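First comes the structure, then the notes that go with it.
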Amino acid sequence: MSLPEVSISQSHHNTAALVGQACPTCVNDVLDTERCRLARDTISQWASYESTSLHSLEGLASEIGIGALYYKDESTRFGLGSFKALGGAYAVQHVLRQALDVDVPNTTVSLDDINTQRFANKVKNITVVTATDGNHGRSVAWGAQRFGCQCMIYMHENVSRGRQEAVEAFGAKVVRVAGNYDDSVRQADHDAKANGWHIVSDTSYPGYMEIPRDVMAGYTLMTTEAMNLLPEGVIPTHVFIQGGCGGLAGAVGADLWHRYGDKMPHLTVVEPVPAACLYESARAGAPQLVNIIDESLMAGLSCGEVSLLGWQILKSGARHFLTISDAPVAPLMKLLATGASGDPAIVAGESAIAGLAGLIGALGNESLAHEMNLNESSRVLVFGTEGATDPDVFEALVGTRAEHIAP
């Protein structure tokens, strides 16, 4: 199968990035190493935890003209098919612990108490709520079922029926909201306050910061696994990461900065054109709101409002911001599914290919590749953030069921 053509719609070189500097205080204020360590230690103790795979795509790397390409495959994460399992469910554990600190006097409730359901009779009366395009809601619903609480999930009108059913399979009640993702966030926030529910959001906004920090801390386990699975002595020169609201990108950026300091890899954020809130924020030098009119096929990245926490990291940690159209989504999903050029076959969802698309598009633009120092010596890490989270959508785009793709 020939390499799909990818064009970069917009690019921004972030001259405010602190290149070649140690991790600054402003990043540690958002996500410090101790919070990240606690998240990694806690999640790795959950039943059925195992690291997801890091694929070395040697054939594709050779074809696009770089030294090495590593793909962190989140399609098998806890059976949920997405990296989001690391954030939402972990945040539910924290929310329940905090709620019980109030409800259970003279007792210090631990995260392990939530995991072992020590206070199940009280937890069952607690309700967590979130808005989602699919994957975060599935993680929160899974966490709620796992730890024994009630769950309400808000989805906007364009989220597929398959993603709704995936959330309902974990016992959550789904509420549909007219409008887009940001409208569903506002409705969930309103209803939570009116009913005494606990919000578990993966984006941060004024007055709501602590739980998104826990979500982001959970995401850093994915980066840590990737670094541990790289060949000994190998450090990526470049990392391409999906945008969305910026929570994932910020978490990855913080973890890379903690780990590598002034040798932090070149971090590039990739977003769909209709929802490029991080790109617009980087251009303006401050958070910008994007009014989403046309939803992207990359549904998990369709966010018009930046996470304030994510932005605090990315404004000084990301060197480039790129936008892409939906055109390369299906072709790249098919390319990965076929195991072209001798590489392993990979089940990649619509949002999973954004980083890879950004890489291929940048390499196809001579001036941009030069600006980013992308060449035959580059060692690039991308994150395949989801698998076939909606099996019917995946089949329609790729032409075969995910379960028929042999690794």
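Per my numbering, the sequence shown starts with residue 420, numbered consecutively.
Idealized CB from N, CA, C, for every residue including glycine.
Keep in mind that this is a model prediction, so the values were computed, not measured.
Of the candidates Ile485, Gly803, Gly777, Met752, the residue whose Cα lies closest to the Cα of Leu816 is Met752. Per DSSP, Gly556 lies in no beta strand (DSSP E) segment; the continuous alpha helix (DSSP H) that holds it begins and ends at 554-566. Residue burial is scored here from C-beta neighbours: Arg580 has fewer than 16 other C-beta atoms within 10 angstroms and is therefore classed as exposed. One thing to note: Gly665 has its Cβ within 7 Å of the Cβ of Val725. Assigned with DSSP and collapsed to three states, Gly803 falls in strand.
DSSP places Tyr489 in no alpha helix (DSSP H) but in the uninterrupted beta strand (DSSP E) bounded by 487-492. Using a 10 angstroms sphere on the CB of Asp762, the tally of other CB atoms reaches 16 or more, which defines it as buried. Within a 10 Å sphere around the beta-carbon of Leu708 sit fewer than 16 other beta-carbons, which makes this residue exposed. The straight-line gap separating the alpha-carbon atoms of Thr742 and Arg702 is approximately 12 Å.
The three-state reading of DSSP puts Ser501 in strand, counting E and B together.
For Ile572, the enclosing beta strand (DSSP E) begins and ends at 569-575. The shortest C-alpha to C-alpha distance from Glu790 to any of Thr757, His657, Gly774 is the one to His657. Per DSSP, the beta bridge partners of Tyr627 are Tyr624. For secondary structure counted as the beta strand (DSSP E) over 3 or more consecutive residues, the segment 445-481 holds these complete runs in sequence order: 472-475. For Val586, same chain residues with a beta-carbon under 8 Å away, outside a window of 5 residues either side, are Thr551, Gly553, Gly556, Arg557, Ala560, Ile572, Met574, Val593 in chain order.
Leaving aside the five residues that flank Cys570 on each side, the residues in its chain whose CB is nearer than 6 Å to its CB run, in chain order, Val547, Ala560, Ala563, Ala591.
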